[in-house]
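Structure record follows, encoded as C-alpha cells.
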Amino acid sequence: MGAASTPAYRGTAYVVFEELALSTYGNRLPQLSFEVFRPLADPDTAEGLTRAVTMIPASGEFTYATQGIRKGSGGAQTPENLNALSDTADMVVALDRLQAMAPKVESVSLVVAWFGSDLRAGDCTIRPGVEVSEKTTSPQTWSVNGVSRAAAHLVSRDDRDRPVYGGTPADFAVVQAIKEMKARGLRVTFYPFILMDVPPGNTLPNPYSDNAAETGQPVFPWRGRITCSPAAGYTDSVDKTSAAAAQVSAFFGSASPSHFAVSGETVSWTGAAGDWGLRRMVLHYAHLCAAAGGVDAFLIGTEMRGLTTIRSGASSYPAVQAFRALLADVRSILGPGTAISYAADWSEYFGHQPSDGSGDVFFHLDPLWADGNVDFIGIDNYMPLSDWRDGFEHADAAEGWPAIYDRAYLQGNIAGGEGFDWFYASAADRSAQVRTPITDGAAGKPWVFRYKDLRSWWSNPHYDRPGGVESGTPTAWAPESKPIWFTELGCPAIDRGTNQPNVFFDPKSSESFVPHFSRGWRDDAIQRAYIEATYLFWGDAANNPLSVVYGGRMVHVPECAAWTWDARPYPFFPALTDVWTDGANWRLGHWLTGRLGAVSLAALVRHLCLRAGLAESRIDVNGLWGAVEGFAITALESPRASITTLARHFGFDAVETEGVIRFAMRGRAAVASVSPDDLVAAGEGDVLELTRGQETELPQALKWQVARADEDYDAAQVEARRITVDTTRIASESFPMAVPPEEAERRCRRALMEAWTGRESAVFRLPPSRLALDPADVVSFVHDGRAVPLRVFSIADADARGVEAIRQDREAYDLPPGAPRPSALSQAVVFGAPEAVILDLPQLTEDQAAHRPFAAAHAVPWPGEMAVFRSPSTDGFQLLTRFGTRARIGALVSDFYAGQTSRFDLGNVLVVDLLSGTLESVTDLTLFGGANALAIESAPGVWEIVQAGAAELIAPGRYRLTRLLRGQRGTEGAMGNPTPAGARVVVLDDSLASLPIAEVDLGIPWNWRIGPASRPVSDETYLAQSFMPAGVGLRPFSVAHVEQPWRRPRAPGDLTIRWTRRSRTLAADSWGGLEVPLGEDLEAYEVEILDGATVTRVLSANTTSAVYTSAQQTADWGAPLAPGDTLNIRIYQLSAPVGQGAPKSVTLSF
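In this text, residue positions in the sequence shown follow full-length UniProt numbering: the first is 1, and each later residue adds one.
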C-alpha cells in the first residue's frame, strides 16, 4: 500500500490481505486468529531497560542457522531448526521475538560452545562436538573448523540415550547468525564457551583431592573448575611450580593464526591433528568472525577462574600471560575495529586472595586488564542482591523492607550488603545471619576485599600484597582507564533467586543448586525485579561515575548483556521436550525467553491510569511488582474497571494520599501499632466493633479461568479449595489475561485465603494525631493480649478518624505456586524435499495419453499436494500439474535377476523396502487384472514392470514378493541381470500422476522441479532433476515368435523372415478379436542384418515378414546362407511419432 496510502488506525492492529487465493479454503474466507503483541517497554521496565542480551543455547548443531535445515532422506525428513514455523528458521523467529518483546535491545552476544573433557588443565581437550556421529542433513551439512561429523567429539548421552548437550553449532550457522543480527542493526559480541562433558561414572582423577588420587570427577562441572592437578590446597599440589606452567601450556595448545586456512566463509585447521587446546578454538572463531564480515566485540575466554589463579611461582600466573598472548593473536586477525576482552567471573575479576593463610592478595588479572589490546573489563556479574529468609523476623525484614521484590531493597545491595559491607565467615554464620564486617585494618582499603565495590576497584591504583604486605609499586592497572561491561548479568526465575543469582538448577550437573534459602519454586517476578533494579541503578549517573580518561561511564550499560535469550523460540522451547532435552530447566532458570515481553504490572496500571486522564505525577506504582504474560481489554470498560480486575487477581490496593494515587501489594508489615487506649469513643457507641462474617456466605472453593500463553492462549482453569467436605459453595471467575497456570493457582489460593481471613473485620476511631495512617496500611491491633494484623480499607475523617479494617494473614501472600502443567504444543509441520521420480512407462490405463510420463512422489509428512514445474532452462519454471496422493516408493534389498516372461517366474524372489504403504497377496485373477504392479529401475530411466501374486511382510516396511509376472507391458527388454540392490521401486497405482505434456515435448531435455504445492518453486523443498521424455508409451512392443529357418525345409536362396506382431494397445489383451489392434497409424517394420555389432543391411516391411534375397545374402556374406550357418537379426516395429519400437534380437540357425 505504501506509507502514503496506509490508513492511520492508531492504536489498532489490522491485517491487509491482497489477492488471497480462497480456492484452497472452499472459496470462502477461512477462520483466522492472530497474536497481537504490544509490549509496554516503559523506561523503568525490563523491556525498556534491556539493551543487550546473550544468545544461547551455545550448543545445537543447526540452532543458529537462519536457513531451514532438515534431517533424513528418502522423502522422510524432519526439521532440525524449523520447530516454531514451517518456513522460518528458529533463530529468525527468536530474533523477531527478541526485537518485538525487548525493542530497546541493540547488542547480542552470540554464545558458541566446544566441549572440555577433563578438569585437569594438562589433560583437558577442547573439541567441537556432535549429537550423533551419522546424520543426513540438507541443504547444509555439519562441519566445524574443518572437522567432519564422523571426526567430531560425540557428546555423552543420558539414561534415555539422548544427548545431554546439543552439538557445537556448525560454522555456516554461526556465520549466518552473525550476518542476520548485523543486518537487523544489532551489535554482535562473539562469546566462546566451554561445556564440560564429564559424564557420570567417569574414572578421571579428581584434581580436587590429595595427590589427585580420588577417582571420578564431578559430573558435567563448571568450566571455572579447570585447574592444575593436584589443585592448590591439596597434598602434592603442583601450584606454584613449573609443572603448573606446563599444564597451563598444554591446556592452551600451540595453535597460531597461520594454522588456519580461510576460503570465503569457511575456516579449516592446518595445524597438528592432536592439538585441541583453547587457542585452536578461539583463533578459529576469530578467523570465522572475520570471514563473516567482522563482529563488534570478541571475548577470548570466559569464567576460567580455576585456570587464571594457577601460579607457577609465588606471584606468577601463567594462564594470564597465555591469555595476553592469545589476545595479541586475536587482535592481529580482527584488527582495531573490534573490542576485545576476557569475561571474568564476578568472583575472579578483582583479584586472587587464596584462603591458604598466607595473606596473599594479588590483582592477578591486572596484566590482562592493562594490556593495550584489551578494550574493556568483562565481568559476568551474578553478585547477590538479597539475603531473604523464611518468616518476617530475619534481619532484612526487620529493617522494614516489605518484600524481596522491593526495588529500593535490591538496589541497596548492589553497592552494599553482602560482599560490600559484610560477609559470612562460614555456612553456620550464614544460617544464623552472623555478619562479619569487611574491614582492612590499618591499610584502610576495605574495597580490596569488596567484590561489589566496583567504583573503588576501578578508580584506584592497585597494589599487590604478597604475604599480606602491600607492595610499594602499583600494578599495571591505570585507574579509570577502561569501561566495565557486564558480559553476563542475570538471575534465575526461582524463589529468592537474588539471594544467589549465580546458581542454576540442572539435575544432570554437579553444579545444580537452588539459591540460599530458596524454597525451589518458580518465581518470574524476582527475575524481573533483579533486571529492573540493576539496570536502573547503573543507569543512574550518581551510581556510575564518568572516567577522566576516556570520558564515558564506568559501567557501559549498553553492553551489559542480560543472561539470557534463547535461539529456540518460546513457547516451543521449552515445551518440545522430545526435541530439546533441557526444556525442563527453563522453569527455574535464567531464561528471559518467554518472560521478557510480559506486561509489567506496574507499567500496565500506570498506562491504565494515564488512559483515565491522570497526570503521571499523580501515579505511584513503585509498590507493585510482577507481570502478566498478556492482558486484554475485551469489553467496553473504564480503566478503573480494568484496574479493579488486576487488583483482584494480583492482590493490591490503591489509595489516594497527598494528591497521588498510590498502588501497593498486599501482605506488607504493620506500619503502626494500635491498642484500645489509642481509640476514640463515638458518642454513646462502642469504642471498638469487631465482626466475624457468616462462614456460610463464603465459598469453600474458588475457580479461576485464565489463558495460557504457552498453549496458543487456550483456557486454563485453576482451583483453590478449603479442607472441607462441603463443596456446594463454589465461586468462579474469569480473567482476561494470560498467566502461567501454576502462578494463577497461587493467586487463586491467596484470594480464597483473603476471603476467609477477611471475614474478621474491625471498626474503630482514631484521634487526628494518627493522620499518617492511610487506607491500605497495615496496623498491628493489640486486643485481648494478642496482636492482630489489620489492613485498613477505609478511613472517614471528621472530628476523629473512622477506620474500617479487615484481618490480614501475611502467609497468604507468600504461598507456593501450583504444580507445573506441561504444555501440549505440537511441533510445526515441516515439509522436506520429496523422494520423487519421473517414469517413462508404457500406457497403463485407457484414460491416460500414451505419450505422457508419470510422476511419483513420497514425503513424510505429506504436504497434501505436490506440484510439478518444468523449464527448458535453469529458470522460468512453469507449473505443469499438481497431484495429491503419496506414492509407494522403495528400493530393492537384494539383486534381482532376469527371469522368464509370459508365464509365472517361480524361481526369482523380489525383496523390497517400502518407505510407506503396504502390499498384500492377491488371487491370480486379480493379478491378471493388473494388481500388484511395480516398476523396477534396472538402469537409469529404464523400468521393468513386474507383478507379484504373493506378498509376505518380513520386517517393518520390507516385503518378500514371489509368484512373479516379469516384463509386463512390453518391458521384458528392461530386465537387469541382475538389477542391483538399491534400485528404485515404484508401486504402480492411482497415486502416480500423468504429466500433461504434448507430443511435441518428446525428445526435449527439460529441467523439472517437484515439491510441496504450498511452497514457491524456488524453495529448497523442491527436488530438481533433469529428464527427457521419450514417449515410451508410444513405442511399439517387440515382435514375437520369430520363425527359425530350420523349421521349414529349404534350399539356399531367398530367406523369408517371419514373426508375429504384438500390440501396445490395452485392448490387445482382449480374447474376443480376430487380430490384435495395430496401435499405429501404419504397419511398418525394420529388420537389421547384423555382423557382430555392425548393421550391414536394413530390410523394410509393411507386413509381418521380410525377404532377405539370395543376392543380398551374397553381397553381405559372399554366398547365400546354407545349412550350418547362423544369422543375427534385430526386428523393430515402427511408430510414426517415436520411430523404432522395442527391438527383438534373434539368432537364426540354418
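Glycine residues also receive a C-beta, built at the ideal position from the N, C-alpha and C atoms. All of these numbers come straight from a predicted model, not from anything done at the bench.
Closest to residue i by CA distance: which of the options is it?
{"i": "Arg51", "options": "Ile730, Thr845, His783 and Tyr535", "result": "Tyr535"}
{"i": "Ala669", "options": "Arg1061, Asp814 and Leu40", "result": "Asp814"}
{"i": "Thr874", "options": "Phe420, Gly293, Glu1075 and Pro1005", "result": "Pro1005"}
{"i": "Ala427", "options": "Ala150, Ser355, His516 and Glu488", "result": "His516"}
{"i": "His339", "options": "Asp387, Gly1079, Ser509 and Val188", "result": "It should be pointed out that residue 339 corresponds to Ala in this sequence rather than to His. Cα-wise, what sits closest to Ala339 is Val188."}
{"i": "Asp714", "options": "Glu35, Thr918, Val16 and Leu22", "result": "Glu35"}
{"i": "Trp142", "options": "Val174, Gly400, Phe504 and Val1095", "result": "Val174"}
{"i": "Leu85", "options": "Ala76, Arg97, Gly75 and Gly74", "result": "Arg97"}
{"i": "Thr308", "options": "Glu697, Asp329, Tyr349 and Trp269", "result": "Tyr349"}
{"i": "Pro446", "options": "Asp1125, His462 and Glu711", "result": "His462"}
{"i": "Gly785", "options": "Val674, Gln176 and Thr644", "result": "Val674"}
{"i": "Asp686", "options": "Phe1150, Gly613, Arg648 and Phe764", "result": "Phe764"}
{"i": "residue 1154", "options": "Val909, Ile178, Asp161 and Leu334", "result": "Since the first and last residues shown for the chain are 1 and 1150, residue 1154 lies out of range."}
{"i": "Gly630", "options": "Val621, Gly659 and Val599", "result": "Val599"}
{"i": "Arg450", "options": "Ile438, Val778, Pro192 and Gly890", "result": "Ile438"}
{"i": "Arg721", "options": "Thr1109, Pro699 and Ala859", "result": "Pro699"}
{"i": "Gly1033", "options": "Asn622, Pro853 and Val893", "result": "Pro853"}
Could you pull the DSSP bridge partners for residue i from this structure?
{"i": "Leu85", "result": "Thr88"}
{"i": "Ala849", "result": "Paired residues: none, contrary to the question."}
{"i": "Ser107", "result": "Ala52 and Arg187"}
{"i": "Glu697", "result": "In the DSSP output, where bridge partners are listed per residue, Glu697 has none listed."}
{"i": "Trp704", "result": "Val718 and Glu733"}
{"i": "Phe854", "result": "Leu839 and Ser994"}
{"i": "Glu972", "result": "The partner list for Glu972 (beta bridge, DSSP) is empty, contrary to what the question assumes."}
{"i": "Val599", "result": "Val628"}
{"i": "residue 1174", "result": "What the structure shows of the chain is the stretch from 1 to 1150, and residue 1174 is not part of that stretch, so it cannot be assessed."}
{"i": "Thr436", "result": "Phe423"}
Taking its Cβ as the centre, do 16 or more other Cβ atoms sit within 10 Å of residue i, making it buried, or is it exposed?
{"i": "Asp1081", "result": "exposed"}
{"i": "Phe392", "result": "exposed"}
{"i": "Trp1059", "result": "buried"}
{"i": "Arg1061", "result": "buried"}
{"i": "Gln1044", "result": "exposed"}
{"i": "Pro956", "result": "exposed"}
{"i": "Glu656", "result": "exposed"}
{"i": "Asp329", "result": "buried"}
{"i": "residue 1178", "result": "Nothing can be reported for residue 1178: it is not among the residues displayed for the chain, which extend from 1 to 1150."}
{"i": "Pro980", "result": "exposed"}
{"i": "Leu1134", "result": "buried"}
{"i": "Gln433", "result": "exposed"}
{"i": "Val238", "result": "buried"}
{"i": "Trp1008", "result": "buried"}
{"i": "Arg692", "result": "exposed"}
Any beta-carbon of chain C closer than 8 Å to the one on residue i?
{"i": "Cys560", "result": "As a matter of chain content, chain C is missing from the structure shown, which is built from one protein chain."}
**Item:** Cβ contact (3+ pairs, closer than 8 Å) linking the stretch 521-533 and the stretch 147-156
**Value:** Cβ pair count under 8 Å is below three, so no.
**Prompt:** Using 8 Å as the Cβ pair cut-off and three pairs as the minimum, do the stretch 674-691 and the stretch 629-637 touch?
**Reply:** Between the stretch 674-691 and the stretch 629-637, the count of Cβ pairs shorter than 8 Å is below three; the stretches do not touch.
**Prompt:** Within the chosen definition, does the stretch 483-501 reach the stretch 548-562 through at least 3 CB pairs nearer than 8 Å?
**Reply:** Yes, the stretch 483-501 touches the stretch 548-562.
**Asked** When the Cβ atoms of the stretch 314-332 are set against those of the stretch 364-378, are three or more pairs found closer than 8 Å?
**Response** Flag = yes, the stretch 314-332 and the stretch 364-378 touch.
**Those runs of the alpha helix (DSSP H) which lie wholly inside the stretch 560-584 and span at least 4 residues** = Complete alpha helix (DSSP H) runs here, min 4: 572-575.
**Request:** Spell out a yes or no on whether the stretch 36-48 and the stretch 597-606 are touching, meaning 3 or more CB-CB pairs, one atom from each, closer than 8 Å.
**Result:** Yes, they touch.
**Request:** At 4 residues or longer, and completely inside the stretch 472-544: list those alpha helix (DSSP H) runs for me, N to C.
**Result:** List check, alpha helix (DSSP H) in window: 524-539.
**Message:** List, from N- to C-terminal side, the beta strand (DSSP E) runs of 3 residues or more that fit wholly inside the stretch 613-674.
**Reply:** Counting only runs of at least 3 residues, the stretch 613-674 fully encloses the following beta strand (DSSP E) elements, listed from N- to C-terminal order: 619-623, 652-657, 660-665 and 672-674.
**Message:** So, does the stretch 792-799 touch the stretch 968-983, judging by three or more C-beta pairs under 8 Å?
**Reply:** Fewer than three pairs of CB atoms, one per stretch, sit closer than 8 Å, so the stretch 792-799 makes no contact with the stretch 968-983.
**Request:** Any chance you could list the beta strand (DSSP E) runs of at least 3 consecutive residues sitting entirely within the stretch 1018-1097, in chain order?
**Result:** The stretch 1018-1097 contains these whole beta strand (DSSP E) runs: 1023-1027, 1055-1058 and 1085-1091.
**Validate contact between the stretch 484-500 and the stretch 567-584 using beta carbons, cut 8 Å, 3 pairs** = The answer is no - the stretch 567-584 does not touch the stretch 484-500, with fewer than three Cβ pairs under 8 Å.
**Prompt:** Okay, do the stretch 241-248 and the stretch 262-271 touch, 3+ Cβ pairs below 8 Å being the bar?
**Reply:** Taking a contact to require three or more Cβ pairs closer than 8 Å, the stretch 241-248 and the stretch 262-271 do not qualify as touching.
**Request:** Please go through the UniProt domain "Rcc01698-like C-terminal" (887-986) and give each complete alpha helix (DSSP H) segment of 4 or more residues, from N-terminal end onward.
**Result:** The UniProt domain "Rcc01698-like C-terminal" (887-986) contains, as complete alpha helix (DSSP H) runs of 4+ residues, the segments 924-928 (chain order).
**Request:** Check whether the stretch 642-662 touches the stretch 732-750, counting contact only when three or more Cβ pairs, one atom from each stretch, lie closer than 8 Å.
**Result:** By the Cβ test, the stretch 642-662 is in contact with the stretch 732-750, since at least three Cβ pairs between them sit closer than 8 Å.
**beta strand (DSSP E) runs contained entirely in the stretch 237-280, provided each spans 3 or more residues** = Within the stretch 237-280, the complete beta strand (DSSP E) segments at least 3 residues long are 260-263 and 266-269, listed from N- to C-terminus.
**Inside the stretch 18-49 only - alpha helix (DSSP H) runs reaching at least 4 residues** = Considered as a whole, the stretch 18-49 harbours 46-49 as its complete alpha helix (DSSP H) runs of no fewer than 4 residues, in chain order.
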